[in-house]
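**Q** As given, the protein sequences belong to chains X and V, one line each in that order. Per this note's numbering, residue 1 is the first one in the first sequence, and the count goes up by one each step. Per this note's numbering, residue 1 is the first one in the second sequence, and the count goes up by one each step.
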Amino acid sequence: MERDSAKSIESAKGAGNLVKYILKRLFQSILTVLLVVCVVFFLMRMMPKEYFFTEDELMKFTDQQKFSKLEAQGVMSICPTCHGSGLLESGEACPECLKYSTNLKKGTGYVDRSVFAQLGDFFSNMLEMRVFNAKGKEIKTIEPVNVWKWISARLKGESPFGELKEGYSPRLCFNLGRSIRLEKGQYVTDVIATKMSVSMEIGMISLAFSLVLGVAFGVLQARYKDRIFDHIGTGYTVIVNAVPHLVIYTVIMIGGASLLGLPMRYDATASDAWKTMILPIICLSIGSTAGYMLWTRRYMVDELNKDYIRLAKLKGLSDQKVMYRHVLKNAFVPLAQYLPYSILLTVGGSLLVERFFAVPGMGPELTNAISRYDLNLVQGIVLLYATLGILGVFLGDLLMTLIDPRIKLTGKGDVR
Amino acid sequence: MKKFLSIVLALVMLMSVASIASAEELTELNTYETQARELETWNIHYSQAAADLNVLCNTFDGLLTNDNHGNLKPNAAKSYETPDGGKTWIFTLNEGMTWFTKDGEVQADVKASDWATGLEWVLNYSKNDSYNVSMPAEMIAGANDYYEYTKALAESEGAEAVQALDASEGSKFAEMVGIACDDAAGTITYTLVDALPYFPSVATYNCLYPLSADMIEEMGVQGYRDVTWENMWYNGAYVVTYFENQNQKVLEKSPNYWNDANCKRFDKVTIKMVESAATAYQLFKEGQLDHVSLDAATLQAIYDEKEDAQFKQNLVESRPTKYSYQLHLVYAKNLEDGETPDVNWNTAVANENFRKSLYYGLDLTGYLARTNAINPQSCQNFCYTGNGVAFTSDGTDYTALVRKETGLEYNSEKYVRYDADKAAEYKKAAMEELSAKGVTFPVEIDYYISGASTVAAETAKVLENIFSTCLGDDYVKLVTKTYTTLGPEVRTPRKASFYINGWGADFADPINFLGQETYGDEQAYYSNNYSHCNENSDEGLIAAYKEFTDLVVAAKAITNDMDARYAAFAKAEACMLEHALVIPCSYEVGWELTKINNYSKVYSMYGMQAYRYVDWETSTEAYTTEQMNEKAAAYAAE
Numbered sequence: 001m002e003r004d005s006a007k008s009i010e011s012a013k014g015a016g017n018l019v020k021y022i023l024k025r026l027f028q029s030i031l032t033v034l035l036v037v038c039v040v041f042f043l044m045r046m047m048p049k050e051y052f053f054t055e056d057e058l059m060k061f062t063d064q065q066k067f068s069k070l071e072a073q074g075v076m077s078i079c080p081t082c083h084g085s086g087l088l089e090s091g092e093a094c095p096e097c098l099k100y101s102t103n104l105k106k107g108t109g110y111v112d113r114s115v116f117a118q119l120g121d122f123f124s125n126m127l128e129m130r131v132f133n134a135k136g137k138e139i140k141t142i143e144p145v146n147v148w149k150w151i152s153a154r155l156k157g158e159s160p161f162g163e164l165k166e167g168y169s170p171r172l173c174f175n176l177g178r179s180i181r182l183e184k185g186q187y188v189t190d191v192i193a194t195k196m197s198v199s200m201e202i203g204m205i206s207l208a209f210s211l212v213l214g215v216a217f218g219v220l221q222a223r224y225k226d227r228i229f230d231h232i233g234t235g236y237t238v239i240v241n242a243v244p245h246l247v248i249y250t251v252i253m254i255g256g257a258s259l260l261g262l263p264m265r266y267d268a269t270a271s272d273a274w275k276t277m278i279l280p281i282i283c284l285s286i287g288s289t290a291g292y293m294l295w296t297r298r299y300m301v302d303e304l305n306k307d308y309i310r311l312a313k314l315k316g317l318s319d320q321k322v323m324y325r326h327v328l329k330n331a332f333v334p335l336a337q338y339l340p341y342s343i344l345l346t347v348g349g350s351l352l353v354e355r356f357f358a359v360p361g362m363g364p365e366l367t368n369a370i371s372r373y374d375l376n377l378v379q380g381i382v383l384l385y386a387t388l389g390i391l392g393v394f395l396g397d398l399l400m401t402l403i404d405p406r407i408k409l410t411g412k413g414d415v416r
Numbered sequence: 001m002k003k004f005l006s007i008v009l010a011l012v013m014l015m016s017v018a019s020i021a022s023a024e025e026l027t028e029l030n031t032y033e034t035q036a037r038e039l040e041t042w043n044i045h046y047s048q049a050a051a052d053l054n055v056l057c058n059t060f061d062g063l064l065t066n067d068n069h070g071n072l073k074p075n076a077a078k079s080y081e082t083p084d085g086g087k088t089w090i091f092t093l094n095e096g097m098t099w100f101t102k103d104g105e106v107q108a109d110v111k112a113s114d115w116a117t118g119l120e121w122v123l124n125y126s127k128n129d130s131y132n133v134s135m136p137a138e139m140i141a142g143a144n145d146y147y148e149y150t151k152a153l154a155e156s157e158g159a160e161a162v163q164a165l166d167a168s169e170g171s172k173f174a175e176m177v178g179i180a181c182d183d184a185a186g187t188i189t190y191t192l193v194d195a196l197p198y199f200p201s202v203a204t205y206n207c208l209y210p211l212s213a214d215m216i217e218e219m220g221v222q223g224y225r226d227v228t229w230e231n232m233w234y235n236g237a238y239v240v241t242y243f244e245n246q247n248q249k250v251l252e253k254s255p256n257y258w259n260d261a262n263c264k265r266f267d268k269v270t271i272k273m274v275e276s277a278a279t280a281y282q283l284f285k286e287g288q289l290d291h292v293s294l295d296a297a298t299l300q301a302i303y304d305e306k307e308d309a310q311f312k313q314n315l316v317e318s319r320p321t322k323y324s325y326q327l328h329l330v331y332a333k334n335l336e337d338g339e340t341p342d343v344n345w346n347t348a349v350a351n352e353n354f355r356k357s358l359y360y361g362l363d364l365t366g367y368l369a370r371t372n373a374i375n376p377q378s379c380q381n382f383c384y385t386g387n388g389v390a391f392t393s394d395g396t397d398y399t400a401l402v403r404k405e406t407g408l409e410y411n412s413e414k415y416v417r418y419d420a421d422k423a424a425e426y427k428k429a430a431m432e433e434l435s436a437k438g439v440t441f442p443v444e445i446d447y448y449i450s451g452a453s454t455v456a457a458e459t460a461k462v463l464e465n466i467f468s469t470c471l472g473d474d475y476v477k478l479v480t481k482t483y484t485t486l487g488p489e490v491r492t493p494r495k496a497s498f499y500i501n502g503w504g505a506d507f508a509d510p511i512n513f514l515g516q517e518t519y520g521d522e523q524a525y526y527s528n529n530y531s532h533c534n535e536n537s538d539e540g541l542i543a544a545y546k547e548f549t550d551l552v553v554a555a556k557a558i559t560n561d562m563d564a565r566y567a568a569f570a571k572a573e574a575c576m577l578e579h580a581l582v583i584p585c586s587y588e589v590g591w592e593l594t595k596i597n598n599y600s601k602v603y604s605m606y607g608m609q610a611y612r613y614v615d616w617e618t619s620t621e622a623y624t625t626e627q628m629n630e631k632a633a634a635y636a637a638e
């Protein structure tokens with residue numbers, strides 16, 4: 001009885017520690033994400049303003065258009081001294097905005113906005129409400145409402161968002177602003193959601209394939225180490241890692257199209273749309289299959305050489321039981337740590353594969369957004385990637401403790 | 001029996017001929033764009049990018065369009081006239097035009113006042129963020145004042161007050177801007193700041209496109225700012241039925257198109273986004289595209305029959321694009337630090353003999369071969385203004401007048417401007433004059449290219465070789481340097497000695513080209529942003545620029561006789577070229593494999609009409625070189 005209660009106390013302590021650990025990691029994660037977002041935010045705004053324009057725009061835009069665009073993007077604002085005229089009442093050039101002008105007699109009428117004010121806009125946009133009608137169509141947006149106004153309106157039994165028509169409902173959508181270039185005017189969250197779903201669909205199928213194939217072949221390689229099967233597997237891994245991926249993709253694309261008649265581009269409108277996903281999925285799977293094969297083999301070979309396996313064999317356990325009940329289970333623990341990360345990573349898509357097969361996913365979005373200086377989109381994607389990366393590692397650690405209870409995430413001594 | 005057999009035979013032949021004839025035309029078009037050229041906005045009034053307008057010119061009809069020879073052609077307007085020699089222009093609309101959704105549901109009639117709504121949108125500071133405002137602001141009476149009024153109002157009253165403005169009767173816009181619309185008569189009258197004979201060509205451009213006030217009322221100002229293909233109202237030849245960013249767009253012919261009886265359209269046009277020209281070529285081979293422009297490597301492989309030799313008979317030379325490429329010399333260059341003036345170069349380039357030695361001394365054939373390896377001389381360009389921008393009353397291309405003035409005529413066999421003897425004379429004179437001024441030789445010429453482009457690096461090597469062999473290493477030395485982003489790294493700090501840049505016109509008048517190079521003019525884009533000619537104090541250079549500028553101003557003032565106007569502009573342009581202020585470089589003329597008769601397409605060397613998928617002649621099989629040459633000959637004879 002005493003032993004039971006000691007055990008339950010220990011387990012309660014363990015659970016308490018785990019909750020503490022989770023909360024601590026969560027707090028650290030939020031801080032890290034915020035830090036990453038702020039650093040990227042400031043870095044992007046340190047670039048010269050010419051980066052906001054394409055060469056074509058620089059060539060064809062008037063100065064007025066350029067400043068107007070910078071104002072629309074929240075980077076500049078109309079000069080408060082001369083109210084946009086560039087001249088003081090005395091007719092002299094406005095000293096505030098003269099420094100942005102090439103004309104010494106007149107200011108531009110625009111001045112830089114504080115980068116902190118811009119950062120404030122970014123975070124306050126997250127609290128902007130989008131109002132939808134009964135059919136789910138977005139009607140308008142409502143500026144963020146401060147906490148006191150919200151509480152006082154609620155206490156009075158009023159809507160903090162003012163009078164809304166019947167059937168209209170405001171929703172907090174954590175807006176990250178609107179795309180200013182790539183998909184002008186569309187909410188960054190909507191752009192990301194659409195792209196993410198395409199990447200995830202292809203990525204998850206490919207991950208499932210590579211996980212099943214990679215682990216299965218890795219097990220076989222370990223079991224038949226130094227035999228022909230192992231050599232073939234090693235050869236495959238070496239080739240996949242040594243040959244540039246673009247070459248492999250080109251071969252797969254041309255081979256798949258000419259030999260098997262598979263479509264060369266992703267096309268969701270095609271009558272047999274699933275066929276258009278085959279080549280991108282194969283390309284995505286090739287590299288990760290090799291990775292899973294390599295690591296499964298390696299961890300299994302390590303386990304096979306351990307004393308407890310020898311003991312199990314001496315005790316008369318069959319090779320199959322030793323292999324699957326003990327070796328694979330233990331070898332899978334380090335692989336499992338990266339599993340949540342890999343799953344979450346599918347959201348990010350693949351730059352090369354998606355560009356190559358015109359898959360409208362997340363892969364090329366960040367580079368496109370950076371090259372076109374779509375600040376809001378860059379910010380949104382960075383926020384997403386930072387969150388996914390940190391969450392993936394965190395979930396990986398938790399998954400490991402579930403698979404192997406000997407691993408402790410808290411306490412002193414032999415812990416992770 | 002014989003008679004019966006012959007009838008049967010004749011019937012069979014007729015049927016087979018009929019089946020061939022019916023199989024000849026494509027009913028669906030599969031075309032492509034590279035991924036860097038994806039559409040960014042569906043708001044036609046906002047867009048200034050070719051990638052957007054190439055699609056949107058199919059979904060909206062403006063007042064006028066162009067035919068396959070580049071002539072203006074009625075579109076939404078059935079006629080147009082000027083009662084006072086070009087200061088007032090009256091457009092009369094066709095009847096029966098409607099606004100409809102992507103599903104073909106008619107929403108409203110297209111009215112004359114929709115053009116006022118569209119113009120108000122463009123000029124309204126808080127609606128269109130100053131996009132597309134420059135042309136109407138410069139041309140239409142009161143337009144610039146209205147724009148400034150909305151800008152001032154935005155500052156004092158806020159954006160919402162400005163967005164509430166409209167073009168209705170009695171509005172500030174109606175009071176200030178020179179546009180009068182009569183819905184009952186279907187007429188739109190523009191009053192301009194001055195007589196502008198080329199104004200009808202501006203009516204092909206999106207700054208003068210219509211906008212339904214009813215649609216704005218339905219979706220609100222913000223709604224139209226962020227309009228999408230799913231909720232916009234169309235009035236053009238096609239509606240968009242599918243769009244996936246970076247994947248593809250599908251256009252289907254509008255079911256309610258007012259001009260259905262008089263134009264030929266595809267049932268469906270699919271615009272596929274592809275990663276590169278090489279991918280596009282693979283798709284063409286698989287039958288998934290109906291045309292492909294060939295990159296240099298693929299073209300050479302087919303031409304030399306090293307790869308896909310079956311396509312050699314289908315190689316077709318493309319028609320020139322609207323861009324006229326020039327070697328823009330920089331007259332106020334800085335050294336590598338971006339601050340210290342490069343006195344050696346600035347002194348050299350201000351010397352007319354030095355510039356003329358470059359003008360006559362560079363045989364650019366090798367450079368042109370980088371664009372067109374098979375027939376490089378078809379890329380020759382000896383004018384500043386692009387081909388096909390303006391024509392005299394007898395149909396002569398304006399650039400022919402310039403070539404007549406300069407005495408340079410195209411020759412498909414050789415690079416005509418190259419004259420080694422003249423170049424040697426100018427070089428000798430320049431070396432004497434410049435040595436006396438302390439210039440050291442060889443003069444270093446800094447040429448900047450994108451560091452990410454291997455193609456640009458290879459082309460730069462060719463240019464280095466041309467400068468070296470044509471002008472001599474004792475005289476000049478071309479040094480190639482790289483940048484990541486041209487503007488901030490090179491152009492603003494003025495690090496380059498010259499740029500090779502292309503300019504495409506927005507409307508049909510030489511002023512759209514020549515106006516960019518004038519001296520002492522704040523609106524002259526190239527003078528202020530590239531050549532910085534206003535900042536070089538060399539008297540000879542300033543005199544040459546002033547001579548050219550005076551001729552441009554004089555030509556611009558001629559508004560009642562277009563032939564005289566073009567002749568005067570040709571003189572001005574010849575003056576610019578004879579002083580070698582700018583050196584014409586090339587046209588883009590590549591090669592392609594295509595099932596489209598290029599001579600049937602809209603041929604617009606200005607504006608945004610060139611990609612209208614209307615009245616195209618196509619074939620289910622790729623045209624052969626011979627067939628396309630026949631089409632070209634027939635076209636020339638038309």
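Don't be surprised by glycine CBs; every beta carbon is placed ideally from N, CA and C.
Tell me the DSSP bridge mates of Leu329 (chain V)?
**A** The partner list for Leu329 (chain V) (beta bridge, DSSP) reads V:Phe498.
**Q** From this set, V:Met605, V:Ala564, V:Cys533, which residue's C-alpha is nearest Val582 (chain V)'s C-alpha?
**A** Answer by Cα proximity: V:Cys533.
**Q** Would DSSP call Asn30 (chain V) helix, strand or coil?
**A** Correct three-state label for Asn30 (chain V): strand.
**Q** Using DSSP's beta-bridge definition, name the partner residues of Val111 (chain X).
**A** For Val111 (chain X), which the question treats as bridged, DSSP gives the partners X:Ser77.
**Q** Nearest chain X C-beta to Gly607 (chain V) closer than 8 Å, yes or no?
**A** No - not a single Cβ of chain X is within 8 Å of the one on Gly607 (chain V).
**Q** Report the residue ranges of all beta strand (DSSP E) runs contained in full by the segment 520-591 of chain V; include only those spanning at least 3 residues, in chain order.
**A** Segments of the beta strand (DSSP E) lying fully in the segment 520-591 of chain V: 582-587.
**Q** Here's the rule: buried if 16 or more other CB atoms are within 10 angstroms of the residue's CB, otherwise exposed. What is Gly388 (chain V)?
**A** Gly388 (chain V) is buried by the Cβ-count criterion.
**Q** Distance, Cα to Cα, Pro244 (chain X) vs Lys111 (chain V)?
**A** Each residue's alpha carbon lies about 59 Å from the other.
**Q** Residues in its own chain within less than 8 Å of Ile281 (chain X) by CB, not counting five upstream and five downstream?
**A** Counting only Cβ-Cβ distances below 8 Å, and skipping sequence neighbours, we find Ile202, Ile205, Ser206, Phe209.
**Q** Excluding the five sequence neighbours on either side, which residues of its own chain have a C-beta within less than 8 Å of the C-beta of Glu352 (chain V), listed in chain order?
**A** Gly540, Leu541, Ala544, His579, Ala580.
**Q** Identify whether Leu368 (chain V) lies in helix, strand or coil by the three-state DSSP scheme.
**A** Note: Leu368 (chain V) maps to helix in three-state DSSP.
**Q** Hey, does Met362 (chain X) have any beta-carbon neighbour from chain V nearer than 8 Å?
**A** False, the Cβ-Cβ gap to chain V never drops below 8 Å.
**Q** Tell me which same chain residues have a C-beta within less than 7 Å of the C-beta of Ala23 (chain V), skipping the five on either side of it?
**A** At Ala23 (chain V), the pLDDT of 46 sits below 50, so the modelled position is not reliable; the number obtained from the coordinates is stated separately. Counting only Cβ-Cβ distances below 7 Å, and skipping sequence neighbours, we find Thr620.
**Q** Please name the residue in V:Met215, V:Glu433, V:Asn344, V:Thr189 whose C-alpha comes closest to that of Lys477 (chain V).
**A** Minimum Cα distance to Lys477 (chain V) is reached at V:Asn344.
**Q** Applying a beta-carbon distance threshold of less than 9 Å, which residues of chain X neighbour Met135 (chain V)?
**A** Per Cβ cutoff of 9 Å: no residues; Met135 (chain V) is ~10 Å from chain X at best.
**Q** Under the three-state reduction of DSSP, which class applies to Cys263 (chain V): helix, strand or coil?
**A** Reduced to three states, the DSSP call for Cys263 (chain V) is coil.
**Q** So, using beta-carbon positions, are Asn368 (chain X) and Leu182 (chain X) closer together than 8 Å?
**A** Their beta carbons are under 8 Å apart, which means Asn368 (chain X) touches Leu182 (chain X) by this criterion.
**Q** Residues in the same chain with beta-carbon distance under 7 Å from Val133 (chain V), minus the five sequence neighbours each way, listed in chain order, please.
**A** Closer than 7 Å at Cβ, skipping near neighbours: Val122, Leu123, Tyr147.
**Q** Spell out whether any CB of chain V is found under 8 Å from the CB atom of Tyr266 (chain X).
**A** Judged by the 8 Å Cβ criterion, Tyr266 (chain X) is in contact with chain V.
**Q** With distances taken between CB atoms, is the gap from Tyr426 (chain V) to Tyr483 (chain V) smaller than 8 Å?
**A** Cβ atoms of Tyr426 (chain V) and Tyr483 (chain V): not closer than 8 Å.
**Q** Out of V:Thr31, V:Ser254, V:Tyr587, V:Lys172, point me to the one whose CA is closest to Leu368 (chain V)'s CA.
**A** Ranking V:Thr31, V:Ser254, V:Tyr587, V:Lys172 by Cα distance to Leu368 (chain V) puts V:Tyr587 first.
**Q** Is the separation between the beta-carbon of Gln379 (chain X) and that of Val40 (chain X) shorter than 8 Å?
**A** Yes, the pair counts as a contact, with Cβ atoms nearer than the cut-off.
**Q** Give the range of the beta strand (DSSP E) segment to which Ala108 (chain V) is assigned.
**A** Per DSSP, Ala108 (chain V) belongs to the beta strand (DSSP E) from 106-109.
**Q** Give the straight-line distance between the Cα atoms of Ala273 (chain X) and Glu244 (chain V), rounded to the nearest whole angstrom.
**A** Those two C-alpha atoms are separated by around 14 Å.
**Q** What does the alpha-carbon distance come out to for the pair Glu169 (chain V) and His83 (chain X)?
**A** Their backbone Cα atoms lie some 30 Å apart in a straight line.
**Q** Going by DSSP, name the residue or residues bridged to Asn66 (chain V).
**A** Looking at the DSSP assignment, Asn66 (chain V) forms a beta bridge with V:Leu72.
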